Structures are given as C-alpha cells and as structure tokens.
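Visitor: Sharing a structure with you now.
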Amino acid sequence: FLESQSSVHFRDLHAAKFSWDALPSGVATVGAITTADAAGVIKLANVHIVRLQENSGIIVFINMSHYLVDGVGYFGFVNRWAEVCRWKRRGSAANDLPACHYIFERSSLLDKLPEDRKALNDPTLELITTTGPLVRWLAWISPKTRGMLLSKAFSFMSVVGHTFHFSTSRLASLRASVQGYLPSDVRLSDNDILTALLSMVIAQSQAECKRDSASASYLSSLASYLFPSMYAPDSSFVTQVVIDTRPRLKGLSAPAYAGNAILTHCLVNSMESLTSGITEQALALIAKSVRQLVNGVDSQNIGQYVDTLHKDLLRFMCPATYAFTKTTMLVSNQSRFPIYQADFGDGIPTWVSSLRALFPNFSSIMPAPPSTVGYVVYISMTERDMAKLLQNRFWMSANDMLY
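So, in structure tokens, the structure goes:
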C-alpha cells in the first residue's frame, strides 16, 4: 500500500481525456505480470493512492493477481472497500456495517460440476493440452523466477495499448446491418459483434506485418522460424474468448464466489475469411461463430475442461505459451462489471482504465464512463501490429480513438 502527492491537477487530466501520458509518473506500481517486489515478495494485492494538486481529486491504482481473483472478485473487493469507506465517513458504527461474505475455496466450484461431461472443441482442447519443454520448464520453476522471465520477455516485444470508444448508436446500426445476413433465429449480442470485429482487424494487422516480414531481411526470416506466431504467415486465426463459469454452474453465484472462475474457450477461423476484407456479410459469419461458441459452453463442458486440466497439473502453463505458436488474440468482456459503482464517499469514478500495456494481442470490452454511453475497447499489441491496426479504415471509422 502506497500513498503519494502529485503536482498534476485534475483539470489537466480531464483536458487530456485521462490519457496515460497525462497521468503522474509512477501511478502503476506493478505491471501486467505477477512478479516479486524488491524484497523478493509476491504481493497478491497492490494499491497506490495518488492525491492530485490542490486536493482536486485522487487516482486509485488497484492491482490484484489472477492467482487470487478474477474480475468478479476484483470489483467485489473494490466496491466493498468503497462501501466500508462511505460507512466510516458517515460516522456509522463499525458493528452495524452489513455483513458481506466471499468464498474462495475451490471446492465450492468443483462441487457444482455435474456428473455428465461434454467434449471440448478441438481448438480449446489444444489450448490447454499442448505441452512441450517450454511449458514444463515454466511450470517447474518458481513463481518468482517465472514472473521475472515473462515480464522481461514481454518488455522486449515493444507492446503498446490504445483505447477506443464505440457509441451505442454506431454499434446498434452495425448490428442491424449484420443481422440482416443471418436467419431470424440467430440473435447477436454486442459482445458477438465486437469480438468478431476485433478478430478481423487484429488478424488483418498481424497478416500485413507478417507479409512485410516475409520480404524483409535474413534476420526477419530467422525470427519467423523461431517465433512463428509473431512473424510467420499462418492459414488460421484463433480467437480466445474468456467465459465466466458462474452463470453456467447451478448454485454458484456472483459475487459470493470471488475466486478465479473464468475459463478460456477458442474458435478458429481461416485467415482468408478474416483478411479478405471487412464486410457486413463477412462480419455476420464470424459473429455467428462467436455466438455458437458462447452458447455451447455449459456445465458439462466446464466439467470436461476441469477434468482435462487436472489430468496433468503442468497444463496450467499451456495457455501462457500458446500465443508463441499460434496466430491468436484474447478477448475479455468486462462490460457487466460494476466498474463505475465504486463510491468511496466523494462520488463514483470519472474514468477507469487498464494498464498502459498488457501483453500482445489482448483486448477488453469495458463499459463507457457515466458521462457517455456505449463501450470502451482496449487493445494491447506489438508496435508493428498496432501501427497496421491504426491504418484500418473500417475500424477507425467505426469508433473514436480516445488515446
């Protein structure tokens, strides 16, 4: 826990639309990968309170490891902390604070699994079972060493992040156009449309960079051989979709179960279908495949997923190395989280954002701040891929880049 005073005024942050460049230096005390601090200790939670100039506002940086919680547990903690602060600031007796119970015991999740099982699709099975020397070595070394190595590896990749705003009206118009290419019994959600669009623009960006690399120098050819997912052309593209198991397991509720209850499921599309051009018809087909993937995940499917992981305890590292061998992206929809409900006594947040850069080919869908409507989409990619994405006319015309 750290508190500090900044010479930056809130009005300057507001004028800069809360761009990362405008934030005081050192706001984020940790990065995207769980690592040990200077004392060699891995802290499961890190908090930094930054008081802005003339008491014009505060920045609250909160980081909690996925070892401990997922998004449901994270925002459950943040909003409970805010509730306690409001309670104390009103002068209410601590004993009168309404009780709130959270469950972290993994058995409470496993007990909700049904007896029957349903097979995983091939891409998801490959995600969690593809082992090799790298997977086994990363699983064998200590969490401290693993965190240090992964953090260093990502730092060499020159990862950058950008944030975009999709208005409700633009997305509704796009969904209506796309829906016209599908049967009436297939109804697409905002998540289906955004995930499909992200798959297409990120796949196109990666494909263009790989084509550039293929005609470049000998060193680029060597890089293509060593890191095929980053440089060598691929015939298929894997979209990894983060899915919350709670609503699919009877009796497991949110936010009561605050541990990590998310699983990643995959779908594969041909690179040609994603990169031949973004049209409403092409977008409809990809969005339909997203809808089918999400609808296909049920309690029996989750049970099979858990059983598969438990057959080899080293498999927890498989997803972390998957991106080194596949052309892929990961999408996390956080739009239903109570992101803008954390009132510590002075009102709800004006703006909430992720870290400046996470890891390559990651995207999250978040709710827009209360001052507007729609969604905020965050994308983290290598500099090379991001440069191509920012040149994509369809993508840039469909949203407003915030920073």
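With my numbering, letter number 227 in the sequence shown gets 231, and the count goes up by one each step, no holes. C-beta atoms are modelled at their ideal positions from N, C-alpha and C, and glycine is treated no differently. This structure is a prediction, so every number in the text was calculated from the model and none was measured.
What are the boundary residues of the beta strand (DSSP E) that includes alanine 32?
Guide: No beta strand (DSSP E) holds alanine 32; DSSP gives it neither H nor E.
Visitor: How far does the alpha helix (DSSP H) with glutamate 130 in it reach, from first residue to last?
Guide: Element bounds for glutamate 130: 126-133.
Visitor: Please classify arginine 94 as buried or exposed, where buried requires at least 16 other C-beta atoms within 10 Å of its C-beta.
Guide: Exposed is the call here.
Visitor: Could you please give me the residues that DSSP links to histidine 166 through a beta bridge?
Guide: Bridge partners of histidine 166: Ile383.
Visitor: Considering just the uninterrupted stretch of the beta strand (DSSP E) at serine 367, what are its terminal residues?
Guide: Here the beta strand (DSSP E) through serine 367 covers 366-371.
Visitor: Excluding the 5 residues flanking lysine 254 on each side, which residues of the same chain have their C-beta closer than 8 angstroms to its C-beta?
Guide: Closer than 8 angstroms at the Cβ level, and outside the excluded window around lysine 254, lie Lys116, Ser303.
Visitor: Using CA coordinates, which residue listed in Phe363, Arg397, Asn396, Gly378 is at the minimum distance from phenylalanine 160?
Guide: Out of Phe363, Arg397, Asn396, Gly378, Phe363 has the C-alpha closest to the C-alpha of phenylalanine 160.
Visitor: Would you mind reading off the limits of the alpha helix (DSSP H) that contains glutamate 58?
Guide: Premise fails: glutamate 58 is in no alpha helix (DSSP H) and is neither H nor E.
Visitor: Indicate whether isoleucine 282 and leucine 175 have their beta-carbon atoms separated by less than 9 angstroms.
Guide: No, the Cβ-Cβ distance between isoleucine 282 and leucine 175 is not below 9 angstroms.
Visitor: Classify valine 301 as helix, strand or coil using the three-state DSSP reduction.
Guide: Here valine 301 sits in coil by DSSP.
Visitor: Would a C-beta distance cut-off of 9 angstroms place methionine 390 and serine 209 closer than the cut-off?
Guide: Their beta carbons are under 9 angstroms apart, which means methionine 390 touches serine 209 by this criterion.
Visitor: Does DSSP classify serine 233 as helix, strand or coil?
Guide: Low confidence applies to serine 233: its pLDDT is 49, below 50, so where it sits in the model is not reliable enough to give any reading.
Visitor: Is the distance from the Cβ of leucine 267 to the Cβ of tyrosine 326 below 9 angstroms?
Guide: No, the Cβ-Cβ distance between leucine 267 and tyrosine 326 is not below 9 angstroms.
Visitor: Report yes or no: do the segment 331-338 and the segment 143-152 share at least 3 C-beta pairs separated by less than 8 angstroms?
Guide: Flag = no, the segment 331-338 and the segment 143-152 do not touch.
Visitor: Could you have a look at serine 257 and say whether DSSP puts it in helix, strand or coil?
Guide: DSSP places serine 257 in coil when its eight states are reduced to three.
Visitor: On the CB-based measure, 16 or more other CB atoms within 10 Å of its CB, does methionine 405 come out buried or exposed?
Guide: Methionine 405 comes out exposed.
Visitor: For glutamine 9, which three-state DSSP category applies?
Guide: In this structure, glutamine 9 counts as strand in the three-state DSSP scheme.
Visitor: CB alanine 265 to CB leucine 278, shorter than 9 angstroms?
Guide: Cβ atoms of alanine 265 and leucine 278: not closer than 9 angstroms.
Visitor: Flag this pair as yes or no: are the beta carbons of valine 246 and leucine 131 separated by less than 9 angstroms?
Guide: Contact flag unset, no.
Visitor: Going by beta carbon distance, what residues of the same chain come within less than 7 angstroms of alanine 262, once the five residues before and after it are set aside?
Guide: Excluding positions up to five away in sequence, the list reads Val73, Val76, Gly77, Gly80, Tyr106, Ile107, Phe108.
Visitor: For the alpha helix (DSSP H) that glutamine 183 lies in, which residues bound it at each end?
Guide: Run containing glutamine 183: 172-183, per the alpha helix (DSSP H) assignment.
Visitor: Report yes if the CB atom of serine 171 is closer than 9 angstroms to the CB atom of isoleucine 290, and no otherwise.
Guide: Their beta carbons are not under 9 angstroms apart, which means serine 171 does not touch isoleucine 290 by this criterion.
Visitor: Three-state secondary structure (DSSP) at asparagine 396?
Guide: The answer is coil: DSSP assigns asparagine 396 none of H, G, I, E or B.
Visitor: Reducing DSSP to helix, strand and coil, say where methionine 68 ends up.
Guide: Correct three-state label for methionine 68: strand.
Visitor: Measuring straight from C-alpha to C-alpha, what distance separates histidine 169 and methionine 385?
Guide: Between histidine 169 and methionine 385, the C-alpha separation is close to 17 angstroms.
Visitor: Residues in its own chain within less than 6 angstroms of valine 34 by CB, not counting five upstream and five downstream?
Guide: Answer for valine 34: Asn50, Asn67, listed in chain order.
Visitor: Taking 8 angstroms as the threshold, find out whether the segment 116-127 comes into contact with the segment 293-307 through three or more Cβ pairs.
Guide: With a cut-off of 8 angstroms, the segment 293-307 and the segment 116-127 count as touching, because enough Cβ pairs lie within range.
Visitor: Can you look up asparagine 50 in the DSSP assignment and give me helix, strand or coil?
Guide: In this structure, asparagine 50 counts as strand in the three-state DSSP scheme.
Visitor: Taking three-plus beta-carbon pairs below 8 angstroms as touching, is the segment 352-361 in contact with the segment 371-378?
Guide: Yes, since at least three Cβ pairs between the segment 352-361 and the segment 371-378 fall closer than 8 angstroms, the two stretches touch.
Visitor: Express the C-alpha separation of alanine 361 and lysine 330 in angstroms, rounding to a whole number.
Guide: Approximately 21 angstroms, taken between the alpha carbons.
Visitor: Looking only at its chain, what residues have a beta carbon closer than 6 angstroms to the beta carbon of tryptophan 91, apart from the 5 residues adjacent to it on each side?
Guide: The answer, listed in chain order, is Leu101.
Visitor: Helix, strand or coil, according to DSSP, for isoleucine 352 in the structure here?
Guide: Of the three classes helix, strand and coil, the one that applies to isoleucine 352 here is coil, per DSSP.
Visitor: Name the two residues that bound the continuous beta strand (DSSP E) containing cysteine 270.
Guide: It spans 266-274 - the beta strand (DSSP E) in which cysteine 270 sits, taken as one unbroken run.
Visitor: Would you say threonine 133 and aspartate 248 are within 9 angstroms of each other, going by their C-beta atoms?
Guide: Their beta carbons are not under 9 angstroms apart, which means threonine 133 does not touch aspartate 248 by this criterion.
Visitor: Classify valine 182: buried if its beta carbon has 16 or more other beta carbons within 10 angstroms, exposed otherwise.
Guide: Buried, since its Cβ has 16 or more Cβ neighbours within 10 Å.
Visitor: Alpha carbon to alpha carbon, how far is isoleucine 62 from leucine 27? Give it in angstroms, no decimals.
Guide: Between leucine 27 and isoleucine 62, the C-alpha separation is close to 11 angstroms.
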